[in-house]
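Encoded as structure tokens, the structure appears first; notes follow it.
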Ligand code: GLA
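Numbering (this note's numbering), first residue to last: 1 to 356.
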């Protein structure tokens with residue numbers, strides 16, 4: 001007779017434990033929405049979909065809405081993968097961010113060339129950009145509340161404000177404002193963001209600031225700045241993050257952290273195709289450093305909750321992330337709050353345990 005009772009007690013204990021795991025979305029409900037970058041396959045029933053629904057209040061398509069994947073040929077859109085994400089968001093009351101309408105990478109080749117392979121004219125490229133933005137924004141009108149309109153238009157080094165991309169080469173700097181105007185026309189209620197990385201570098205921060213200030217002075221419809229937040233356990237400092245949030249907010253814009261991950265390796269290592277030879281090990285030291293770093297980042301973010309409207313993690317768990325192959329092929333990284341078995345890491349508890 002004793003055994004069943006024991007089972008009831010044990011099951012009861014585990015249920016209570018499961019119920020007690022705090023969630024990012026509830027813990028941060030009075031601060032900002034907590035989001036995650038996802039792939040269409042994660043929408044299928046399973047542990048990833050469960051984790052997304054349990055923990056997050058918002059999603060971003062990691063790749064499915066980028067120019068190349070969604071618009072591979074001039075007269076062909078590949079809506080299905082992006083729709084799958086939008087459908088799950090609508091069905092479960094999750095917010096959805098759009099990423100991204102104009103970026104120089106993952107752009108289809110046809111976009112810039114005519115049938116003979118020559119660069120198209122400025123007028124043709126603007127018309128294509130308008131068509132693309134209008135079609136994509138209209139399709140998700142009312143489902144997507146914020147779009148990253150232009151991504152990474154500013155180079156890291158040098159004094160130049162504009163990255164020398166194909167858009168810049170053919171259209172000139174005005175491609176940026178046109179992209180925002182087209183998006184605004186297609187969905188006037190959508191919040192439109194400029195999104196970039198390395199925004200805590202003082203030189204790049206200043207260049208982005210000047211760019212956006214210019215857009216604001218011209219009356220271009222822009223509402224927010226996305227700090228990608230591809231950071232590491234060694235950077236940024238609290239002061240540098242604070243300086244970015246405050247500076248961009250001073251332009252009258254909302255700020256979001258749009259692609260947060262904290263790599264366990266130092267940044268700025270050159271990209272290489274030589275496969276990584278080291279061990280894939282998440283050491284105790286990495287665990288502690290990462291937890292402390294996440295704690296500090298979220299302290300700063302909470303302090304600026306009046307300026308921040310969202311924080312999105314770039315991938316769900318350490319099972320797989322884009323950092324597993326970047327910048328070094330085959331080098332496993334451990335950048336997120338959930339481990340490869342979808343269990344919360346030490347860093348997770350540092351993010352959710354704070355005195356309110
Ligand atoms: C940039 C882009 C993202 C993504 C990452 C790598 O940050 O904005 O869409 O491609 O690189 O995943």
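Ideal placement from N, C-alpha and C gives every residue a C-beta, glycine not left out.
{"Asked": "Taking all protein chains shown into account, do 16 or more other C-beta atoms lie within 10 angstroms of the C-beta of residue 1, making it buried, or fewer, making it exposed?", "Found": "For residue 1, the predicted structure reports a pLDDT of 46, less than 50, and the residue's modelled location is therefore unreliable. A value from the coordinates is still provided. It counts as exposed."}
{"Asked": "Where do the ends of the alpha helix (DSSP H) carrying residue 287 lie?", "Found": "284–303"}
{"Asked": "Please determine, among 190, 337, 215, the residue with the shortest C-alpha to C-alpha distance to residue 286.", "Found": "337"}
{"Asked": "Could you give the distance in angstroms between the alpha-carbon of residue 61 and the alpha-carbon of residue 82?", "Found": "7 Å"}
{"Asked": "Under a three-way DSSP split, which group does residue 261 fall into?", "Found": "strand"}
{"Asked": "Count the CB pairs spanning the region 196–209 and the region 170–178 that are closer than 8 Å, and state whether there are at least three.", "Found": "no"}
{"Asked": "So, for residue 280: in the same chain, excluding its five sequence neighbours on each side, which residues have a beta-carbon less than 7 Å away from its beta-carbon?", "Found": "332"}
{"Asked": "What does the alpha-carbon distance come out to for the pair residue 253 and residue 262?", "Found": "25 Å"}
{"Asked": "Can you name, in chain order, every residue of its own chain whose Cβ lies under 7 Å from the Cβ of residue 244, other than the five neighbours on each side?", "Found": "199, 200, 205, 227"}
{"Asked": "Tell me which residue opens and which closes the beta strand (DSSP E) that residue 249 is part of.", "Found": "Element bounds for residue 249: not the beta strand (DSSP E) but the alpha helix (DSSP H), 238–249."}
{"Asked": "For the beta strand (DSSP E) that residue 41 lies in, which residues bound it at each end?", "Found": "Element bounds for residue 41: n/a, residue is neither H nor E."}
{"Asked": "Output needed for residue 39: all residues of its chain with C-beta closer than 6 Å, excluding positions within five of it in sequence on either side, in chain order.", "Found": "62"}
{"Asked": "Any heavy atom of the ligand GLA closer than 8 Å to the Cβ of residue 322?", "Found": "yes"}
{"Asked": "Go ahead and label residue 354 buried or exposed: buried means 16 or more other beta carbons lie within 10 angstroms of its beta carbon, across all protein chains shown.", "Found": "exposed"}
{"Asked": "Is the CB-CB distance between residue 190 and residue 150 below 9 Å?", "Found": "no"}
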